[in-house]
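Chains as they are written, first to last, in our numbering: chain A, 3 to 333; chain B, 3 to 333; chain C, 439 to 813; chain D, 439 to 813. We put the beta carbon where it would ideally sit given N, CA and C, even for glycine.
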Amino acid sequence: MAAVTQRSAPVTLGKAINMGLRKAMEDDPKVLLMGEDIGKLGGVFRVTDGLQKDFGEDRVIDTPLAESGILGTAVGLAMRGFRPVCEIQFDGFIFPAYNQIVTQVAKIHSRSRGKLPMRIVIRVPFGGGIGAVEHHSESPEAYFSHTAGLKVVACSNPVDAYWMIQQAIRADDPVLFFEPKRRYWEKADLDTSLEPGPLFETRVVRAGEDCTVLAYGPMVKTALQAASAVEAEGRSLEVIDLRTLSPLDLAPVFDSVRRTGRCVVVHEAPTNLGMGSELAARITEQCFYSLEAPVLRVGGYDTPYPPSKIEEDYLPDLDRVLDAVDRTFAF
Amino acid sequence: MAAVTQRSAPVTLGKAINMGLRKAMEDDPKVLLMGEDIGKLGGVFRVTDGLQKDFGEDRVIDTPLAESGILGTAVGLAMRGFRPVCEIQFDGFIFPAYNQIVTQVAKIHSRSRGKLPMRIVIRVPFGGGIGAVEHHSESPEAYFSHTAGLKVVACSNPVDAYWMIQQAIRADDPVLFFEPKRRYWEKADLDTSLEPGPLFETRVVRAGEDCTVLAYGPMVKTALQAASAVEAEGRSLEVIDLRTLSPLDLAPVFDSVRRTGRCVVVHEAPTNLGMGSELAARITEQCFYSLEAPVLRVGGYDTPYPPSKIEEDYLPDLDRVLDAVDRTFAF
Amino acid sequence: MSSGDIGVSPGDSSFAEAGPELIQLLTPEGERVEHPDYAIDLSPEQLRAIYRDLALVRRVDVEATALQRQGELGIWASLLGQEGAQIGAGWALEANDMAFPTYREHGVAWCRNVDPLDIISLFRGCDNGSWDPIATMFNLYTVVIGAQCLHAVGYAMGMQRDGGNGATLAFFGDGATSQGDVNESFIWASVFAAPVVFFCQNNQYAISEPIEKQSRIPLFQRARGFGFPGVRVDGNDVLAVLAVTRKALEAARTGQGPTFIEAYTYRMGAHTTSDDPSRYRLASEMEAWKLKDPIERVRAYLIRSEQADAEFFAAVDAEGDQLAVRIRKGTVEMPDPDATSMFANVYAEQTPYLTDQAAEFAEYHASFASAGQEA
Amino acid sequence: MSSGDIGVSPGDSSFAEAGPELIQLLTPEGERVEHPDYAIDLSPEQLRAIYRDLALVRRVDVEATALQRQGELGIWASLLGQEGAQIGAGWALEANDMAFPTYREHGVAWCRNVDPLDIISLFRGCDNGSWDPIATMFNLYTVVIGAQCLHAVGYAMGMQRDGGNGATLAFFGDGATSQGDVNESFIWASVFAAPVVFFCQNNQYAISEPIEKQSRIPLFQRARGFGFPGVRVDGNDVLAVLAVTRKALEAARTGQGPTFIEAYTYRMGAHTTSDDPSRYRLASEMEAWKLKDPIERVRAYLIRSEQADAEFFAAVDAEGDQLAVRIRKGTVEMPDPDATSMFANVYAEQTPYLTDQAAEFAEYHASFASAGQEA
Ligand SMILES: Cc1ncc(C[n+]2csc(CCOP(=O)(O)OP(=O)(O)O)c2C)c(N)n1
Ligand SMILES: Cc1ncc(C[n+]2csc(CCOP(=O)(O)OP(=O)(O)O)c2C)c(N)n1
Ligand SMILES: [Mg+2]
Ligand SMILES: [Mg+2]
């Protein structure tokens, strides 16, 4: 196994997860990887590249092509004390496993009154923008956030990705780990010696005064671009990377909105009943007297994800974020 | 087949659906029923009682025990021009069919640019309060309302049940039809000669002035009880039966909230990302200047549905609704 | 012996259909017969212990059904008629083996030393299973049909990886064989040669639906489509079930991969206490199956072979009476769970959000208590 | 003939493993052989038409792969090597039969008169399938593995009910056999004796995973666990595939229930243009399979039996060149879809909510247009 020789080096988000997985496997022999094509191929995004070679076929398991089987056997492995990390090849293919996730993974800790922890991580490359065919660009996070018993996080950059995947694997609860697939190739300097804060914490990634923009996963970059774009015009956006979608960590959000009085939530998932709806409801409940405008949402439209030639019209972008910011000022 | 001899007679909600199904089958030979135990047994709630005897095994199909199979073959039947009505035995058992519903039923009309309508009704007895074991008391409606391509309705009383099931079957889109199982035995006078308004319309079921209470399915009765309970105290609640959860029909809701300035949403489903979150977000967006208080939500707690001995503590009841109403007045 | 010999009246299609493959070591009349592939050698003590288990789990079941009728349980899923299949399977399990039940395996639970009251508390609505699944090596009941079969395979894959030297025994019904999950579990078990045995109690019905709605061919033949052996055993013959399951578990433990066992039996009662079987099956069918009662034949054999006397049977009956009293008392005195328990154990690491929700819940209920005091 | 005779070098395990059950009517060398159960009688015109179909779909495929490399398509799933299986199956379909493809059945599409440009527009990202599935009796591509097998069974159940006098042909891969849905479709087909034929192209890989990751036994044997026949046919032998599929469809149409056909073949290309097979398979394996090319053997047979001459082959090549030009031109000139089309057809009856959303969308985009004009 290649030792990490430098403390800090530029790595892509995909590679950072790969490094995080490797570290988790080195640290704990109970950690297993399971999924389709994760062995020799290293996964369709190469996130598990080289791991089967180094940890063997018993710990990096190329599974039959059946997502319910992946999650169902992961449940059994977790009952036996293992920590399976399941890769779902693309967001749109998590649904055959939905029953196991919602009725078993989410409930067994509670059903067993804590006797059977479900230490399972479900890695899901999610979101659009890569020019793919149907079912390869979905954002299903709200389905899981609505499900008690699951925890849900999304990483947005290589540094978080490296640490969050390890923290998710160490967690004693089932974690849906959403990876922004169109950011797999984004690079950042990664210092592997410096563990940042806990997994389930939301973070202000850019301070600002006029309006709070909430985002997670792939949209954090978009939100930051929006903030830079309006800086020149003298408008200052506070950008928050939610990082954890269940549980929500709203203290920093409430703080921010109470200061700015305005809030825009951005995600790729369909707007109707997307994460933005819960955020809007909770923020309004808690910051009612501070709000100058209703919380506005910028999301995917309430249609099936469209063919890739028009996906950029479907996905929130800098302009749509700024348009929503403008609208909050119109109130 | 027993002819309906009287115009108006008291029937239970379960029987009303049975009558509606019978009528739909008489009206259109393409209507088929599919499900587990719906034949000789008439379904575990007897909603399909007598239909196999009268329409034969080819139109009332006892299926193998596999929900994905039920929905997947229903898709094929719909492609062939049939109108399958699928019974899911209990809410908690819809998840094996989730993949077919979310990736196929919801998308095929769009995928085929309208060439393949998905005229499928999925009947789901939902909600708690019947003293059942695990997985028999779930309220999964938000999972489906978040899914573009599906329509979602819930009936709350026998009269609606009779008409809405027929309208759902006549609709050219896939409809999740949620039946409030603990209200199956509630009775009302049913006039089968008088078709009320369209399926996808929300209805004010009790006029009031001080606060709007939104409910659907089993909680409509609870909301109405709350309204009666506070009447004596001189507080007047407007109760709205949403009836349609996707699409939402919010014009009457906005009208009401603009008048009352206060709104409480009630449902059994977990609060976090439940229907209440979208309602709160949309109402706040549209009625921002009319709201005296944030929209408050009374829902199931964000835990797995508890064992039946304590389910009444989990479920919203009259007191919790009134407590929320009080809280909106505290703002 | 062939199935034609097992003393069924001609009109009884359901039993004759068991076919010549049916493995039997004890006839319905209580006659010991040999089978070339399955031998069994039990001491008189063991045989009597088996009888005792059969009789006591039936007693538990009868008592629970009565308790439900009296409003003490929300529902009860009776094992009546399936005691032979379950006690046979339960006896085949060794300490390191892990059982994955569905919701009807009260007999297997008994063999794993799970207190019947722990089973009853689930059906009473107090919890979703309160026994310790790891200490008893008897997993919690799984209500979603078929889901546990994949868990059993995963657990078995874990045993392969940690050198656990055991096997898993996955229980499911005839209806469950139609679920995708169950078939996926066959694939995984086969591909990974996982130490798992699939134990299907074909009790002829999935609620109201007869087996023909699930399969055109005998269920044990399903296994051959997945590349592992399938056998059909007389599920009302506790000795045959024990022999067949023991052999299959041993094969699994020694790396020979999975086996599918179809225990051919009959649900003598309703699906659950909520069910009304008169809507979908004939009384005559029940009558025919009564002649093959799994307990009567052991009793007949014990008497015939002089391995037990009247005193023994009286003692078992007396023990059953005591057990029934204990169960009744334990049930009616069972405390309701604390409502706040719904917030416990949702997570291993409680979330601040849920901590707050639980606190609000407590406060809200406290407000009633104080309101009550004021009034 | 036995599989040992089909001209493979000894080291080539993958082909030898096809086993003696492999049904073949045309050897890789282009020699016609007889099979006791499957006869076929084709006129020279028909044989030449089959050759033409094989050659042209390959040409389409090569062109599409090139277009993807040049950035004109988002991705392409090549059928290279599977032309025999697909054209054979396509020829077996009759007008009333309905095909349910996965995402690689460009050859079957061709036989159903679906314009290759309609297939290409999907991979270009313009739509999710623009042909008329009912008019062509070729369903849309289904990307979620295995889902279409249940659709095929349901459609077949519809044919049973409306007297449609046809059958359905469900296509899926070796990997798909592991999905719950596919196994459920076997159960339903068997229980309802639905007029469906399951056509599994075992191309030895599911992306990077060799067939051993899905099954320990030959795939065609899966069917026997569900009570219907399974056959393995040389998937690179278009004549054998046609004969076997035709017979199975006829059986289905006449109420004899389903058949499982395993077309034993090989994916000569990458899984899709995004894939890199060098990571998981040896070049030597490819070389061995090249000797069994499905087109070469038909060509050799046509020449050997003097049913086609050089002129014919030249004409087909020329037609292929023209086709390639048409495809290239059609692709590069293909207009992008209108962005507002995403709101169309979400529902048969549009919702007011979505109507509003579409209007806002249009307004928002119009604001840019006018801003652009102002600038
Ligand atoms: C996924 C799912 N669907 C439906 C049900 C409702 N249900 C409970 S038991 C049962 C029949 C089970 O039959 P079988 O597998 O033969 O087991 P048995 O009850 O006969 O022991 C059904 C349909 C369920 N529990 N889970
Ligand atoms: C449910 C689901 N899971 C995963 C995928 C991703 N995926 C696309 S093709 C493929 C392999 C399919 O293999 P096989 O069935 O043998 O068909 P082939 O591609 O070889 O024709 C996978 C895993 C998918 N499309 N659907
Ligand atoms: Mg059964
Ligand atoms: Mg393949």
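- request: Check whether the Cβ of C/Y718 sits closer than 7 Å to any heavy atom of ligand 3, and report yes or no.
  value: no
message: According to DSSP, is A/K191 part of a helix, a strand, or is it coil?
response: The sequence as given places Asp at residue 191 of chain A; Lys does not occur at that position. Of the three classes helix, strand and coil, the one that applies to A/D191 here is strand, per DSSP.
- prompt: What are the boundary residues of the beta strand (DSSP E) that includes B/Y164?
  reply: That residue, B/Y164, is in no beta strand (DSSP E); its alpha helix (DSSP H) goes 160-172.
message: Against chain B, with Cβ distances strictly below 8 Å, would A/K153 count as a contact?
response: no
- request: Check the Cβ-Cβ distances between D/S568 and every residue of chain B, and say whether any is below 8 Å.
  value: yes
message: For D/A493, count the other beta carbons within 10 Å of its own beta carbon; 16 or more makes it buried, fewer makes it exposed. Which is it?
response: buried
message: Could you check if D/D612 belongs to the surroundings of ligand 4, using beta carbon to heavy atom distance under 7 Å?
response: yes
task: Identify the contact partners of D/K651 in chain C, using a Cβ-Cβ distance below 7 Å as the criterion.
output: Within 7 Å of the CB of D/K651, the CB atoms of chain C belong to V629, in sequence order along the chain.
message: Under DSSP, the beta strand (DSSP E) around C/M536 begins and ends at which residues?
response: 536-538 is the extent of the beta strand (DSSP E) around C/M536.
- prompt: By the criterion of Cβ-Cβ separation under 8 Å, what are the contact partners of A/L275 in chain B?
  reply: A144, S147, H148, L275, M277, S279, E280
query: DSSP on C/E510, reduced to helix/strand/coil?
result: It is coil, neither helix nor strand.
- prompt: Just to confirm, does C/R705 get its C-beta within under 7 Å of one of the non-hydrogen atoms of ligand 3?
  reply: yes
task: May I ask you to check if the CB of B/H269 is nearer than 7 Å to at least one heavy atom of ligand 1?
output: no
- request: Please name the residue or residues paired with A/C265 in a DSSP beta bridge.
  value: A/T214
- request: Under 8 Å by Cβ, that's how I've got D/V629 and C/K651 pegged, so tell me the actual separation to the nearest angstrom.
  value: The Cβ separation is near 6 Å, so the contact holds.
task: Assign D/I655 to one of two classes, buried (16 or more other C-beta atoms within 10 Å of its C-beta) or exposed (fewer than that).
output: exposed
message: Short of 6 Å in beta carbon distance, which residues of its chain neighbour B/S139, apart from the five on each side in sequence? Order them along the chain.
response: G130, Y307
- request: Output, in chain order, the set of chain D residues within a Cβ distance shorter than 7 Å of A/A68.
  value: S616, Q617, G618
field: 6 Å Cβ shell around C/R742 - same chain, five flanking residues per side excluded
entry: G468
message: Does the structure place the region 535-554 of chain C close enough to the region 474-485 of chain C that three or more beta carbon pairs sit under 8 Å?
response: no
- prompt: Got a sec: does ligand 4 put a non-hydrogen atom nearer than 7 Å to the Cβ of D/N674?
  reply: no
message: Using a Cβ-based criterion (distance less than 7 Å to any ligand heavy atom), does D/Y541 qualify as near ligand 4?
response: D/Y541 has its CB no nearer than 7 Å to any heavy atom of ligand 4.
query: Closer than 7 Å: is that where the CB of D/A502 sits relative to any heavy atom of ligand 4?
result: no
- request: Write down the C-beta distance between C/F664 and C/F624 rounded to the nearest angstrom, noting that I regard them as a contact closer than 8 Å.
  value: Indeed they touch by this definition, with Cβ atoms about 4 Å apart.
- prompt: Mind listing which residues of the region 95-126 of chain B have their C-beta closer than 8 Å to chain A's C-betas, in chain order?
  reply: F97, P98, Y100, N101, V104, T105, A108, K109, S112, R113
query: Can you list, in chain order, the residues of the region 488-509 of chain C whose Cβ is nearer than 7 Å to any Cβ on chain B?
result: Within the region 488-509 of chain C, no residue has its Cβ closer than 7 Å to any Cβ of chain B.
query: Does C/G663 come within less than 8 Å of chain D when only Cβ atoms are used?
result: yes
- request: Round the Cβ separation of B/R24 and B/L43 to the nearest angstrom and send it over; I've been treating them as touching at under 8 Å.
  value: That pair is no contact at about 17 Å.
field: Contact check, C/R670 vs C/E647, beta carbons under 8 Å
entry: no
task: Whole angstroms is fine: what's the gap from A/R121's alpha carbon to D/F538's?
output: 39 Å
message: Would A/R82 pass as an interface residue toward chain C - the criterion being a Cβ-Cβ separation below 8 Å?
response: A Cβ of chain C is located within less than 8 Å of the beta carbon of A/R82.
Same chain only: Cβ atoms within 8 Å of B/G45, ignoring 5 sequence neighbours per side: G37, D39, D51, E89, Q91
message: Let me confirm a value: A/L15 is counted as buried when at least 16 other C-beta atoms fall within 10 Å, else exposed. Which label applies?
response: buried
field: C/H709, buried or exposed, once every other Cβ within 10 Å from all chains shown has been counted against 16
entry: Around the CB of C/H709, 16 or more other CB atoms lie within 10 Å, so the residue is classed as buried.
field: Terminal residues of the alpha helix (DSSP H) in which A/T14 lies
entry: Note, A/T14: premise wrong, no alpha helix (DSSP H); beta strand (DSSP E) at 10-14.
Assigned secondary structure, A/E313 (DSSP; H/G/I helix, E/B strand, else coil): helix
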